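Asker: Those protein sequence lines, which keep their order, are chains A and B. Counted the way this note's numbering counts, the first sequence spans residues 44 to 157. Counted the way this note's numbering counts, the second sequence spans residues 5 to 118.
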Amino acid sequence: EAQVTQNPRYLITVTGKKLTVTCSQNMNHEYMSWYRQDPGLGLRQIYYSMNVEVTDKGDVPEGYKVSRKEKRNFPLILESPSPNQTSLYFCASSLTAGEGYGYTFGSGTRLTVV
Amino acid sequence: SQQGEEDPQALSIQEGENATMNCSYKTSINNLQWYRQNSGRGLVHLILIRSNEREKHSGRLRVTLDTSKKSSSLLITASRAADTASYFCATDGWEGGGADGLTFGKGTHLIIQP
Chain A
44 EAQVTQNPRY
54 LITVTGKKLT
64 VTCSQNMNHE
74 YMSWYRQDPG
84 LGLRQIYYSM
94 NVEVTDKGDV
104 PEGYKVSRKE
114 KRNFPLILES
124 PSPNQTSLYF
134 CASSLTAGEG
144 YGYTFGSGTR
154 LTVV
Chain B
5 SQQGEEDPQA
15 LSIQEGENAT
25 MNCSYKTSIN
35 NLQWYRQNSG
45 RGLVHLILIR
55 SNEREKHSGR
65 LRVTLDTSKK
75 SSSLLITASR
85 AADTASYFCA
95 TDGWEGGGAD
105 GLTFGKGTHL
115 IIQP
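(1) Can you find a C-beta in chain A that's less than 8 Å from the C-beta of D96 (chain B)?
(2) Taking any Cβ of chain A, which residues in the stretch 21-52 of chain B have a Cβ under 9 Å from it, in chain order?
(3) Looking at the structure shown, is N56 (chain B) part of a helix, part of a strand, or coil, going by DSSP?
(4) Nearest to E19 (chain B) by CA position, among B:T95, B:S90, B:I80, B:L52, is which residue?
(5) Apply the 10 Å Cβ neighbour rule to G63 (chain B) and answer buried if 16 or more other Cβ atoms are within range, or exposed otherwise.
(6) Report the residues of the stretch 137-155 of chain A with a CB closer than 9 Å to any CB of chain B, ordered along the chain.
(7) Answer with yes or no whether the minimum CB distance from D104 (chain B) to chain A is below 8 Å.
(8) Is Q68 (chain A) close to chain B? Criterion is C-beta to C-beta, closer than 8 Å.
(9) Using DSSP bridges, identify the partner residues of H113 (chain B).
(10) I need the DSSP call for G102 (chain B), collapsed to helix, strand or coil.
(11) Is any beta-carbon of chain A found at less than 8 Å from that of G63 (chain B)?
(12) Check whether the Cβ atoms of P126 (chain A) and V157 (chain A) sit closer than 8 Å, and answer yes or no.
(13) Are any of the Cβ atoms in chain A nearer than 8 Å to that of K110 (chain B)?
(14) Mapping DSSP to helix, strand and coil, what is A82 (chain B)?
(15) Sorted by chain position, which residues of the same chain lie with C-beta nearer than 7 Å to I55 (chain A)'s C-beta, five sequence neighbours on each side aside?
(16) Three-state secondary structure (DSSP) at Q128 (chain A)?
(17) Could you tell me which uninterrupted beta strand (DSSP E) segments, each at least 3 residues in length, are contained entirely in the stretch 17-52 of chain B, listed from first to last along the chain?
(18) Does the beta-carbon distance from L69 (chain B) to I51 (chain B) come in below 8 Å?
(19) Put M70 (chain A) into one of helix, strand or coil per three-state DSSP.
(20) Does chain B have any CB closer than 8 Å to the CB of L131 (chain A)?
(21) From which residue to which residue does the beta strand (DSSP E) around Q49 (chain A) run?
(22) Using 8 Å as the cut-off, can you tell me whether the stretch 88-96 of chain A makes contact with the stretch 9-24 of chain B, which would need three or more C-beta pairs spanning the two stretches below that distance?
In structure tokens form, the structure reads like this:
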């Protein structure tokens, strides 16, 4: 089944403890992206990747890192999480960017930083 | 980056009625997409309309696009309880060739009363 898989689904952590949220897609998509969703603010893009080894900042990149060493994986790294990063995170992928393809989203990761 | 703005924020109708949601955006686009999100879950792509199209249908969904007014509407006909969800419009702009991906609105929360 074509899908984007995120792990974990739920995570509670303490301020400052590094964490990684994994994202993997099995559709050979070139484009991958991370969003966070907050009440009243909608979805905001954190980082995106056009292809392997090509990443760039979205609208809210502060406090986050990403890497794209393989086409299928696009992990989101929080080096020193803070409570304002408590949010619902989504990974998404698309065949390519800017060509009018829809996105496939993962099921989300609900992160709480205390 | 531009952002779609859905209207209304919330809509409650009886099962069997039609539901109409609107989206306005600010700058030129390549295409506009609509997504559905069931509570806390990942977004699901519904339909895409390109900037040179005015109307598109998919099952019970009808999307219109008016680029002169920078607006789009999503019509769901003969609504069902399972249509209860949040609906988001997303614009794929032309800045940077669309590489920065989709920009989402804040969504319309649709409730279908049985």
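Even for Gly, the Cβ is constructed at its ideal location relative to N, Cα and C. Remember, predicted model here, so these are calculated numbers, not experimental data.
Answerer: According to the data block:
(1) Yes, D96 (chain B) lies at the interface with chain A (some Cβ there is under 8 Å from its Cβ).
(2) N34, N35, Q37, Y39, Q41, G44, R45, G46, L47, V48, H49, L50, I51, L52
(3) coil
(4) B:I80
(5) Residue environment: G63 (chain B) is assigned as exposed (fewer than 16 neighbouring CB atoms within 10 Å of its CB, all protein chains considered).
(6) Here the close residues are S137, A140, G141, E142, G143, Y144, G145, Y146, T147, F148, G149, S150, G151, R153.
(7) A Cβ of chain A is located within less than 8 Å of the beta carbon of D104 (chain B).
(8) no
(9) B:A14, B:S90
(10) Unreliable positioning characterises G102 (chain B) in this predicted model, as indicated by a pLDDT of 48, which lies under 50. The coordinate reading is nonetheless provided below. In the structure shown, G102 (chain B) sits in a helix (DSSP, three-state: H, G or I).
(11) no
(12) In terms of Cβ geometry, P126 (chain A) and V157 (chain A) form a close pair [threshold 8 Å].
(13) yes
(14) coil
(15) Excluding positions up to five away in sequence, the list reads T155, V157.
(16) helix
(17) Within the stretch 17-52 of chain B, the beta strand (DSSP E) runs of at least 3 residues that lie entirely inside it are, in chain order, 23-28, 33-41.
(18) No, the Cβ-Cβ distance between L69 (chain B) and I51 (chain B) is not below 8 Å.
(19) Assignment of M70 (chain A) by DSSP, reduced to helix, strand and coil, places it in the coil class.
(20) yes
(21) 47-50
(22) no
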